[in-house]
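Below you can see the structure in the form of structure tokens.
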């Protein structure tokens with residue numbers, strides 16, 4: 007049986023990981039938050055033991071919330087796999103302290119599948135848009151994360167609850183030559199790299215003016 011000092015040390019390490027992970031997602035750095043949360047998994051069971059045995063509190067593992075909430079919209083299925091491996095490695099007593107984790111893992115897998123389905127709609131064409139239903143909380147949560155990431159934006163062309171990808175490389179855009187001022191319409195991927203301007207024949211960066219589709 008682990009001694010109090012040993013458990014307390016792990017508990018303090020875990021609380022530090024919680025602060026880092028929660029701080030990262032609060033700042034919109036979801037990748038860092040998920041990575042930190044995943045790295046702390048080995049500390050969760052000892053932390054819960056310390057909470058119950060010495061603090062006399064209910065189990066509290068905020069990093070699981072970070073992992074299972076943000077891994078799906080980031081397509082980080084391997085992080086969900088890591089949670090499942092960690093959970094199954096516990097004793098019956100340890101797993102019993104977190105009885106809802108199996109259900110939450112299954113829910114996260116379902117949302118990861120949904121996220122890929124939603125993104126495939128946006129990835130289908132440069133001008134693709136996604137309609138999200140207010141009656142589907144899972145869709146709304148995924149899209150809210152993408153909005154905070156800057157991966158999607160509300161579409162002003164298709165009405166409310168419609169979203170489109172930001173900076174799709176295939177999307178048509180209007181750019182201005184920074185050398186002579188000539189404007190052209192081309193795929194965004196072409197405008198992002200300097201190339202000979204059709205007017206002045208010189209290779210200058212193009213300034214993005216607007217999307218045209």
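Residue numbers (this note's numbering): 7 to 219. C-beta atoms are modelled at their ideal positions from N, C-alpha and C, and glycine is treated no differently.
- Distance from residue 215 to residue 189 at the Cβ level is roughly 7 Å; contact confirmed, criterion being Cβ atoms closer than 8 Å.
- Spanning the alpha carbons of residue 134 and residue 81 requires a straight line of approximately 20 Å.
- The C-alpha of residue 146 lies about 17 Å from the C-alpha of residue 71.
- For residue 15, the enclosing alpha helix (DSSP H) covers residues 10-32.
- A distance below 8 Å separates the beta carbons of residue 124 and residue 148.
- Distance check between residue 122 and each of 160, 77, 111 places 77 closest, using alpha-carbon atoms only.
- The Cβ atoms of residue 54 and residue 89 do not sit closer than 8 Å to each other.
- Cβ-Cβ distances below 8 Å link residue 34 to 154, 155 in the same chain, with the five nearest sequence neighbours on each side left out; the list follows chain order.
- Contact between residue 44 and residue 73 holds, since their C-beta atoms are separated by about 6 Å, short of 8 Å.
- Taken through DSSP and simplified to helix, strand or coil, residue 52 comes out as helix.
- Unbroken beta strand (DSSP E) runs of no fewer than 3 residues, entirely contained in the segment 109-161, are found at 135-137, 158-160, following chain order.
- Taking residue 60 as the centre and dropping the five residues before and after it, the same chain places the C-beta of 10, 13, 14 closer than 8 Å to its C-beta, in chain order.
- Taking C-beta atoms under 8 Å as the contact rule, residue 184 and residue 201 fail to qualify, at a distance of about 12 Å.
- Bridge pairing for residue 178: 193 [DSSP].
- Here residue 168 is bridged, per DSSP, to 137.
- Remark: C-beta atoms of residue 162 and residue 180 do not approach each other more closely than 8 Å.
- For residue 207, the closest C-alpha among the options 94, 186, 196 is that of 186.
- A distance of 8 Å or more separates the beta carbons of residue 197 and residue 173.
- Only residues of its own chain outside the window of five on either side were considered, and among them 78, 83 have a CB closer than 6 Å to the CB of residue 118, listed in chain order.
- DSSP places residue 41 outside any beta strand (DSSP E); the residue lies instead in the alpha helix (DSSP H), whose first and last residues are 36-45.
- Residue burial is scored here from C-beta neighbours: residue 166 has fewer than 16 other C-beta atoms within 10 angstroms and is therefore classed as exposed.
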